[in-house]
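To keep things clear, I will list the structure first and then write my remarks on it.
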Amino acid sequence: MAVLDYSYKAVGGFLAFMCFFQLLEMLRKIRRVLIFTQMLGSAVTLFYMPLMTGVAFSSTAFLLFGSTINNFSSIVISYLVVNQYFIKPQALFHSLTESHPYIGPWFVFCLGFCINFFIVNFFIVFLNEAYSSIINKIRLLTYKKRQKSKLEYVYEFLGFQTTSFHDSHEDTEREDPTGNKDLIVRNKRLFYN
Numbered sequence: 001m002a003v004l005d006y007s008y009k010a011v012g013g014f015l016a017f018m019c020f021f022q023l024l025e026m027l028r029k030i031r032r033v034l035i036f037t038q039m040l041g042s043a044v045t046l047f048y049m050p051l052m053t054g055v056a057f058s059s060t061a062f063l064l065f066g067s068t069i070n071n072f073s074s075i076v077i078s079y080l081v082v083n084q085y086f087i088k089p090q091a092l093f094h095s096l097t098e099s100h101p102y103i104g105p106w107f108v109f110c111l112g113f114c115i116n117f118f119i120v121n122f123f124i125v126f127l128n129e130a131y132s133s134i135i136n137k138i139r140l141l142t143y144k145k146r147q148k149s150k151l152e153y154v155y156e157f158l159g160f161q162t163t164s165f166h167d168s169h170e171d172t173e174r175e176d177p178t179g180n181k182d183l184i185v186r187n188k189r190l191f192y193n
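Put into structure tokens, the structure is as follows:
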């Protein structure tokens, strides 16, 4: 009975493993999922910049104030204090100006400037993204046309015509089929030369 129970769990685990990879294979063919995963890659690289700035400020605070202020006695504690700038910037400012009257205010000013710079930039990016999505929806509703992608502009600039970027089925019906034959002939000439 134990052998059957173990084999049942092993086969179930193997089937779950295969179903998971089959699901990934099916998701790979959906264009929006591919675009989303590519956007996640670029978003992860955007995350590193504020993180590295926080590490840079915490290591600088550890080197400057570590021997005199207990809040900066190690890099980990100074990283926590630097990240607490959002919660209580006045307390950080007063503790630094009491022990270091010249370097402390400059450090808090530079820290606040960088943090506010990142916050404003990310806020502008989100506003811009929301604005462009609203404009695209309005364009789609009023003109029944979507905005061209960069690849479509490249094809248009090079003089290529393709059926994969048309907005509706009517456009593909009106298209001249000889244009695609010319494209294939040109590509064959380029390939064999």
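Numbering (UniProt numbering), first residue to last: 1 to 193. Cβ atoms here follow ideal geometry from the backbone N, Cα and C, with glycine treated the same way. Predicted model only: the values in this text are computed from it and were never measured.
Out of curiosity, what's the CA-to-CA distance linking Phe-17 and Val-120?
44 Å
To the nearest whole angstrom, what separates the beta carbons of Leu-92 and Tyr-85, a pair I think is in contact under 8 Å?
6 Å
What alpha helix (DSSP H) runs, 4 residues minimum, are completely inside the UniProt domain "Polycystin cation channel PKD1/PKD2" (2–133)?
2–28, 31–65, 75–83, 89–99
If we call anything under 8 Å between Cβ atoms a contact, is Phe-72 one with Phe-65?
yes
Spatial neighbours of Ser-59 within its chain, please: CB distance less than 8 Å, with the 5 preceding and 5 following residues excluded, ordered by chain position.
Ile-75, Ser-78
With the cut-off set at 8 Å, would you say Phe-107 and Ala-61 are in Cβ contact?
yes
The ligand ZN and Lys-137: does any heavy atom of the ligand fall closer than 7 Å to the residue's C-beta?
In terms of ligand content, the structure shown is empty, and the ligand ZN therefore cannot be addressed.
Between Gly-54 and Val-82, how many whole angstroms is the CB-CB distance? I'm expecting something under 8 Å.
6 Å
Less than 6 Å between C-beta atoms, sequence neighbours within five positions excluded: which residues of the same chain meet that for Val-33?
Leu-27
Could you tell me the distance, in whole angstroms, from the CA atom of His-166 to the CA atom of Phe-118?
Unreliable placement is indicated for His-166, whose pLDDT of 49 sits below 50; no coordinate value is reported for it.
Pull up the CB-CB distance for Ser-95 and Ile-69, whole angstroms please, since I reckon it's below 8 Å.
6 Å
Closer than 8 Å by C-beta to Val-125: which residues in its own chain qualify, once you throw out the five before and the five after it? Chain order, please.
none
Which residues in the same chain as Pro-89 place their Cβ atom closer than 8 Å to its Cβ, once the five residues preceding and following it in sequence are excluded?
Val-108, Gly-112
C-alpha distance - Ile-35 paired with Phe-47, whole-angstrom precision
19 Å
Nearest-angstrom Cα separation, counted from Arg-31 out to Cys-19
21 Å
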